[in-house]
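2 protein chains.
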Amino acid sequence: MVAAPYQTLETTYPLSDEEIRKTHAYWRACNYLCVGMIYLRDNPLLKEPLKPEHIKYRLLGHWGSSPGLSFIYIHLNRLIKKYDLNMIYIAGPGHGAPGVLGPVYLEGTYSEVYPDKSQDAEGMGKFFKQFSFPGGIGSHCTPETPGSIHEGGELGYSLSHAYGTVFDHPELITAAVVGDGEAETGPLATAWHSNKFINPIRDGAVLPILHLNGYKIANPTILSRIPNEELKNLFRGYGYTPYLVECSQDEDYGSAHRKMAATLEHCINEIRDIQQQARSSGKATRPQWPMIILRSPKGWTGPKEVDGHKVEGFWRAHQVPMSNVIGNPHQMKILEDWMRSYQPEELFDENGTLIPELKELAPTGVRRMSANPFANGGIWRRDLNMPDFRKYAVEVPKPGQSEAENTRPLGNFLRDVMGKNMTNFRMFGPDETASNRLNAVYEVSKKTWMGEFLEEDLDGSELAADGRVMEMLSEHTLQGWLEGYLLTGCHGFFHTYEAFAHVVDSMFNQHAKWLEVCKKEVPWRSPIASLNILLSSTVWRQDHNGFSHQDPGYVDLVTNKSPDVVRVYFPPDANCLLSCANHCLQSKDYVNVIVADKQKHLQFLNMDDAIKHCTKGIGIWEWASNDDCGKDPDIPDVVMACCGDVATKESLAATAILRSEFPELKIRFINVVDLFKLQPDTEHPHGLSDWDFDSLFTTDKPIIFNFHGYPWLIHKLAYRRTNHPNLHVRGYKEKGNINTPLELAIENQVDRFNLVIDVIDRVPKLRSAAAYVRERMRNAIIENVAYAYEHGRDQEEISNWKWPF
Amino acid sequence: MVAAPYQTLETTYPLSDEEIRKTHAYWRACNYLCVGMIYLRDNPLLKEPLKPEHIKYRLLGHWGSSPGLSFIYIHLNRLIKKYDLNMIYIAGPGHGAPGVLGPVYLEGTYSEVYPDKSQDAEGMGKFFKQFSFPGGIGSHCTPETPGSIHEGGELGYSLSHAYGTVFDHPELITAAVVGDGEAETGPLATAWHSNKFINPIRDGAVLPILHLNGYKIANPTILSRIPNEELKNLFRGYGYTPYLVECSQDEDYGSAHRKMAATLEHCINEIRDIQQQARSSGKATRPQWPMIILRSPKGWTGPKEVDGHKVEGFWRAHQVPMSNVIGNPHQMKILEDWMRSYQPEELFDENGTLIPELKELAPTGVRRMSANPFANGGIWRRDLNMPDFRKYAVEVPKPGQSEAENTRPLGNFLRDVMGKNMTNFRMFGPDETASNRLNAVYEVSKKTWMGEFLEEDLDGSELAADGRVMEMLSEHTLQGWLEGYLLTGCHGFFHTYEAFAHVVDSMFNQHAKWLEVCKKEVPWRSPIASLNILLSSTVWRQDHNGFSHQDPGYVDLVTNKSPDVVRVYFPPDANCLLSCANHCLQSKDYVNVIVADKQKHLQFLNMDDAIKHCTKGIGIWEWASNDDCGKDPDIPDVVMACCGDVATKESLAATAILRSEFPELKIRFINVVDLFKLQPDTEHPHGLSDWDFDSLFTTDKPIIFNFHGYPWLIHKLAYRRTNHPNLHVRGYKEKGNINTPLELAIENQVDRFNLVIDVIDRVPKLRSAAAYVRERMRNAIIENVAYAYEHGRDQEEISNWKWPF
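Chains as they are written, first to last, in the working numbering: chain Z, 1 to 805; chain X, 1001 to 1805.
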């Protein structure tokens, strides 16, 4: 479809003069509020001339993109009313929150949620003062903002969030405003391709509005300075039908309203036509969804010039156009003239309430974008219909005898979770669902694919227009989708490459912060499903990928965030993984990180024992220990502790060697599933009390702790513990290349032989007697590395090692 | 310019039958080597029938994209010879390293660098065996690969790396092969816009080749399944002239070679025309650079089918087409037939050496892409011509009396660094050069901008076609450019928002690993300039950005990497920042991270003292201490330690309160600039010996350590120290919203009042006497928070606090 010129659209969708007048008045009210928020701490209705004491001491907030955000918002309002649309609004330029907060306040939601910000002069005064003010609210669309699911402080995720909101919500249209600054980021640049994953029958629609106001902080933006034809080609190439709305600062506002109204209405109708056609025919194909490119002046309707510098339509409008209002009467005058240019007395009555003829322009009730339940998705969230995870258990008649791919039973479990929740659960992963052994899910639902199908795809490509497995080689897009999906009330599971989880470190940070604020500060937000992340293809199994694929540090980052919202699990085997996943899938308001490798590993616990172990999160494995297992804390000579699948196997193998070589040595074997058990209970709700910790780890015996990740993370968590001075941690220390499993373990000293040496070196009573064993261990290391170099694999006695007792 | 159809191009640039025959033979040799690398450990020339003992036990490596990579490589070779081009090759699908290693070996470079991999049967055998083999090389274009500056294990950065290589290298053309999997990532999707930052006079050119082989691991790719017109529009929208080369598996290879040769030659000529026109006219405008879209079958020339499944041209060709060759005679037969289909006996002589008529197809000497000095950029690296950093010092007559913006003098310094190095130094930052107070650099060079100029830009947009300040709102692209620039021998400085450095966590990881391998394993690589990163706009000054902009955890990540390559500095004031920056700019092969805020801060050290302090990296500030300053380690009652600008000020203010309130209390004041001083010298080359550490921090006195970042990082570094049990660390603990500086400090207990309380609680002799002071501190906290909430700022006595002694 070729984009129609304005003229045609305006003839089809004319706006009457009366509508223009009212729409413009409403916009003036928004802009008035916007300036008020940035500048005023008192005198909200300008009942008296502005004085220094009315002005905030620190002027903070972003004016530049705000008028455009309001402009779009109120034009959407018109169509919501006209067509009874179910719509939410995502403000990519979240820094322009005043442009969102204004209309949110005017349509009444703000006062309903925060009654002291009432719709009168007093409430307006508080509404102004709180903005970007200590004890108040931030200058982005933070969780405190009704209708927001996207803070937009960090740029890049508005569009992937938007697409995530409409999965499985066929009735929803999400308007996503993308700033031209944000459009330069990588995550945003690829998120445009999300349109290839929208099924017009099953999903709702996103209406992207690229808002070109031309500038970042002090720079033109790339997309605002390329020719229109190039710009349109870009979006045609992304698979959209682009519509350009160009508003200049010299043009009359009526013309701008007419263009925007007609174009928006055309796009909404195009969306409805696409959906209607697909839904009535039952045929889901990939349409060229409409999108809008709105060129409008930065700081639109604001001061044209300040101190001889162009402001409106230039980067100088980005933040606060006049920054010294208190100290400069000239600037004070500009501010007052500016605010009065909106003629507030025509917009608000004596009490400071929006006049009725404007009030009625906004939708009401849950049709208000600020009150739409999708933007408080916890309200929709239903518990998953869960299959009994126990029935996916692998048989473990005796610990440490048999092997299984740890993630494969999880795949079977997830298949049935998906099967029982075919409207509100999806899986997300770059391209590794099969590689991660989770491919059983394809039995109930395949990969969403709206692109071209080829005949050969029938042979295992696992594609379907109604698939529920989301694969795209962009961790950013995947996590953005999932966050949008969770925030609108659904559930999901994200699995990704351990090393490359770092690609989305910053997205994790932002989501964790969002959850933290919601939990602590925003009681009206209902809890949402947790963000569940499985890190697989882990550091210890990178046989050919080598060094660049070895990084277990994502959990280091996770442990920096608030203990209210983060959880980390290292299930040692398949049954423990099932138990952890079952728990995480049912939890709320957390980021749960589970680390488990996909390859074959030794199995340790039958399902009953796995459940007990995972419920405790940490525990002594009595079958591996030969002390009294905790009855007397003084009894062991050494504590062998471990956390992580490979770490556990090596620790056990070391324990076996020690028990053979030194039968008199009393060993306590501890496995950690729930990483935060190591922190004191004063620091994390999962933390062990010092008493419990001391009972497990003793107060003075050597602890040889074999860890999956960077060893110092364990010290970071456990440094306050009584026995910390005797805590000796092994883990990954950036040693690796192309290695066999054992050789990589040896390089980083997490292998059985080095662990035995660690014990010999730390248990005084062994030291002299054990010289011979120590030597044997050194030889075993040399011999095994030589074998690996010669044969390209580990010796069978190593690969097939079993717990011998 | 409209892309010409093949026919026209082929008429203009015909390939003779003889050329086709030879080119195809060379390609067969590449493909033969490729399969050999993946499968064989012996019998490299197939002198005898394949047997199990010739086959590697573990089959690793990516066949799928390899033939295409070789295909492109050898067609580039033809043009390098024909036009004497200076060219390097970046393989985005780095997993297809066999497709690069093959031609690198054939043109002789591999044997020159690694003489045991000689150009005969024995060398070929070793060359095969080492691939993806323990003790050998990885399956990506790792640093061990001659000619590589891009490993490509993690996907997303090939194109930004490529553009970085050609900045200031007008003679260089970098061919960048982008895989269609990688093309889905965000960083890659926005890197296409890098063409807007290439000045055809001053810079070289990038020839991007989007290699659509259709599939990721088990999935079709997005770009391979959209119509050609959509695809071309996308690249027109990105500002390129796209040329499509479509090769199908059913077509004869001659036709494929003809198309590729003609299209490549046309593009090279187009590049040369663009450059020639700009250079002869002296007018640098933004051209529509050519780019190529090559559609070719995945696993091209490989087995068409294995076990009834389509392989060539399908995702099943992604890695190893037959995975059980040793155990399955049928697969063994397929492998042997496949290898023999290349007719190695026609390509290599009896000794296993490439026959002369093929050998001469490759360029020679430094014209070989594998031997081009730009791909070992350390060779080009010249020391920066450095101005004397001392002359940018701020006056500090007495410690703690005056304020300055810490980063502004650095801006002056960088201006002159730039001015003296106008061909090999650039600055990189998203959009914050002025915001970070570094805008003095614009006096010597502005922002590179090849887009449209508007009249108003003259008023402070600071744009120029020959600018050396690189600004784009994509941390990914910036860091990619800078890495490419450093790897080809230049210098640079990257400054970014502290919280959003996490956006490029994963890029840091990869670069640090690259450096580590180069330093430790690849002696023929010359050292390159360090990657210098300034984190500004730090956690403690987020007055209106609030919680989402508060994350000091980037350094946590940095400390996970090898001590050989990472350095972290927290200069407390402007002069220390100058000293650190001066040091970092002259260093090699490190990632240097400097954390310093841009806002006004108290100044502590004059330049001489700053140099001494930064050289030591840690030290007692005698003027703030009232103990004997280390002569007797037992003398202080408490050690006040600090690291970071804001942390230092609050620690000092606490010390001032303590010294007023408790004149008898002996306080030692320690400031840390070089974070790794805290680690033992056994762990990091900058680490203090235990003896030195104990002398500074005592072995038994309380240490109140005020840290800029997450407090547990200090424990992670210092947990082995003798006095660690008495180390009490304050830092950021995820508490924040819209706060005044003091209020944010109070929330996280890094403020002066809480620090005084910490001391009172930890120095036994104060405990009873200090109840009154403790109470006063509590009141001060309450009062200051109340003041902030009321006035929106801190009390002047707090904001303007000076060191009183």
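Even for Gly, the Cβ is constructed at its ideal location relative to N, Cα and C.
Check: What residue from Z:644, Z:199, Z:710, Z:618 has the CA that sits closest to residue 689 (chain Z)'s CA?
Finding: For the residues Z:644, Z:199, Z:710, Z:618, the minimum Cα distance to residue 689 (chain Z) belongs to Z:618.
Margin query: In whole angstroms, give me the CA-to-CA distance for residue 1508 (chain X) and residue 1558 (chain X).
Written below: About 8 Å.
Check: How is residue 648 (chain Z) classed by DSSP in three states: helix, strand or coil?
Finding: Residue 648 (chain Z): helix per DSSP, three-state reduction.
Checklist line | Cα-Cα separation, residue 347 (chain Z) to residue 337 (chain Z) | finding: One alpha carbon belongs to residue 347 (chain Z), the other to residue 337 (chain Z), and they sit about 16 Å apart.
Note to self: What does the Cβ neighbour count give for residue 1760 (chain X), buried or exposed, with the cut at 16 atoms within 10 Å?
What the structure shows: Looking at its Cβ environment, which holds 16 or more other Cβ atoms inside 10 Å, residue 1760 (chain X) is buried.
Notebook entry, point to check: In angstroms, rounded to a whole number, what distance separates the CA positions of residue 1532 (chain X) and residue 1204 (chain X)?
Noted result: Each residue's alpha carbon lies about 24 Å from the other.
Next item on the list: For residue 1538 (chain X), decide whether its Cβ has a neighbour in chain Z, counting only Cβ atoms nearer than 7 Å.
Entry: No, residue 1538 (chain X) lies away from the interface with chain Z (no Cβ there is under 7 Å from its Cβ).
Item checked: Neighbour list for residue 1189 (chain X) in chain Z, Cβ cutoff strictly below 9 Å -> In chain order: 186, 187, 188, 189, 190, 191, 192, 193, 474.
Check: Do you know offhand how far residue 616 (chain Z)'s Cα is from residue 416 (chain Z)'s?
Finding: Approximately 26 Å, taken between the alpha carbons.
Notebook entry, point to check: Alpha carbon to alpha carbon, how far is residue 1514 (chain X) from residue 1143 (chain X)?
Noted result: Take the alpha-carbon of residue 1514 (chain X) and the one of residue 1143 (chain X): they are about 7 Å apart.
Checklist line | For residue 1642 (chain X), the first and last residue of its enclosing beta strand (DSSP E) | finding: The continuous beta strand (DSSP E) containing residue 1642 (chain X) extends over residues 1638-1643.
Notebook entry, point to check: What first and last residue would you give for the alpha helix (DSSP H) that runs through residue 773 (chain Z)?
Noted result: Counting along the chain, the alpha helix (DSSP H) containing residue 773 (chain Z) begins and ends at 771-791.
Margin query: Between which two residues does the alpha helix (DSSP H) holding residue 339 (chain Z) run?
Written below: According to the DSSP assignment, residue 339 (chain Z) belongs to the alpha helix (DSSP H) that extends over 329-341.
Check: Applying the criterion that 16 or more other CB atoms from any shown protein chain within 10 Å of the CB defines a buried residue, is residue 540 (chain Z) buried or exposed?
Finding: The residue is buried, with at least 16 neighbouring Cβ atoms inside 10 Å.
Margin query: Does any residue of chain Z have a CB that is nearer than 7 Å to the CB of residue 1738 (chain X)?
Written below: With respect to chain Z, the C-beta atom of residue 1738 (chain X) has a partner C-beta closer than 7 Å.
Next item on the list: Measure how close the beta-carbons of residue 504 (chain Z) and residue 479 (chain Z) come, nearest whole angstrom, since I'm counting them as under 8 Å.
Entry: Taking C-beta atoms under 8 Å as the contact rule, residue 504 (chain Z) and residue 479 (chain Z) qualify, at a distance of about 5 Å.
Checklist line | Rounded straight-line distance, which links the Cα of residue 612 (chain Z) to that of residue 632 (chain Z) | finding: Taking the straight line from one Cα to the other gives about 22 Å.
Next item on the list: Could you tell me whether the Cβ atoms of residue 546 (chain Z) and residue 737 (chain Z) are closer together than 7 Å?
Entry: Less than 7 Å separates the beta-carbon of residue 546 (chain Z) from that of residue 737 (chain Z).
Item checked: Neighbour flag for residue 1181 (chain X) against chain Z, beta carbons, 7 Å -> Judged by the 7 Å Cβ criterion, residue 1181 (chain X) is in contact with chain Z.
Notebook entry, point to check: List, in order along the chain, the chain Z residues whose C-beta lies closer than 8 Å to that of residue 1235 (chain X)?
Noted result: At a C-beta separation below 8 Å, residue 1235 (chain X) has these neighbours in chain Z: 237.
Note to self: Can you list, in chain order, the residues of its chain with a C-beta nearer than 8 Å to that of residue 715 (chain Z)? Leave out the 5 residues immediately preceding and following it.
What the structure shows: These residues qualify, in order along the chain: 724, 727, 729.
Check: Can you tell me the Cα-Cα spacing of residue 1372 (chain X) and residue 1085 (chain X), whole angstroms?
Finding: Between residue 1372 (chain X) and residue 1085 (chain X), the C-alpha separation is close to 11 Å.
Check: Under 8 Å Cβ-Cβ, which residues of chain X neighbour residue 680 (chain Z)?
Finding: Chain-order list of chain X residues neighbouring residue 680 (chain Z): empty, with the shortest C-beta distance near 12 Å, by a criterion of under 8 Å.
Item checked: Cβ pair count under 8 Å reaching 3, the region 639-656 of chain Z against the region 432-445 of chain Z -> The region 432-445 of chain Z and the region 639-656 of chain Z do not touch, with fewer than three beta-carbon pairs separated by less than 8 Å.
Check: Since residue 1728 (chain X) is in the beta strand (DSSP E), which residue starts that stretch and which ends it?
Finding: Element bounds for residue 1728 (chain X): 1727-1730.
Notebook entry, point to check: Alpha carbon to alpha carbon, what distance is there between residue 115 (chain Z) and residue 108 (chain Z)?
Noted result: Distance between residue 108 (chain Z) and residue 115 (chain Z), taken at the CA atoms: about 10 Å.
Check: Any Cβ of chain X within less than 7 Å of the Cβ of residue 132 (chain Z)?
Finding: Yes, contact with chain X.
Notebook entry, point to check: How many Å lie between residue 1093 (chain X) and residue 1739 (chain X) at the Cα?
Noted result: Looking at the two C-alpha atoms, the distance is approximately 46 Å.
Margin query: Once DSSP output is grouped into helix, strand and coil, what is the label at residue 1001 (chain X)?
Written below: Low per-residue confidence applies at residue 1001 (chain X): pLDDT is 40, beneath 50, and the placement is therefore not dependable enough to give any value.
Note to self: So, does the region 680-699 of chain Z touch the region 787-798 of chain Z, judging by three or more C-beta pairs under 8 Å?
What the structure shows: The region 680-699 of chain Z, when compared against the region 787-798 of chain Z, does not touch it at the 8 Å Cβ threshold.
Check: Which value, in whole angstroms, describes the spacing of the CA atoms of residue 832 (chain Z) and residue 82 (chain Z)?
Finding: Nothing in the structure corresponds to residue 832 (chain Z), since chain Z is present only between 1 and 805.
Notebook entry, point to check: Cβ atoms of residue 189 (chain Z) and residue 223 (chain Z): under 7 Å apart, would you say?
Noted result: Contact: no.
Margin query: Is the separation between the beta-carbon of residue 1427 (chain X) and that of residue 1374 (chain X) shorter than 7 Å?
Written below: No, Cβ-Cβ distance for residue 1427 (chain X) and residue 1374 (chain X) is not below 7 Å.
Item checked: residue 758 (chain Z) versus residue 750 (chain Z) - alpha carbon distance -> Rounded to the nearest whole angstrom, the C-alpha separation of residue 758 (chain Z) and residue 750 (chain Z) is 10 Å.
Check: chain X beta carbons: is any one of them nearer than 7 Å to that of residue 509 (chain Z)?
Finding: Interface residue, yes.
Next item on the list: Within 10 angstroms of the Cβ of residue 1245 (chain X), are there 16 or more other Cβ atoms? Answer buried if so, exposed if not.
Entry: That one is buried.
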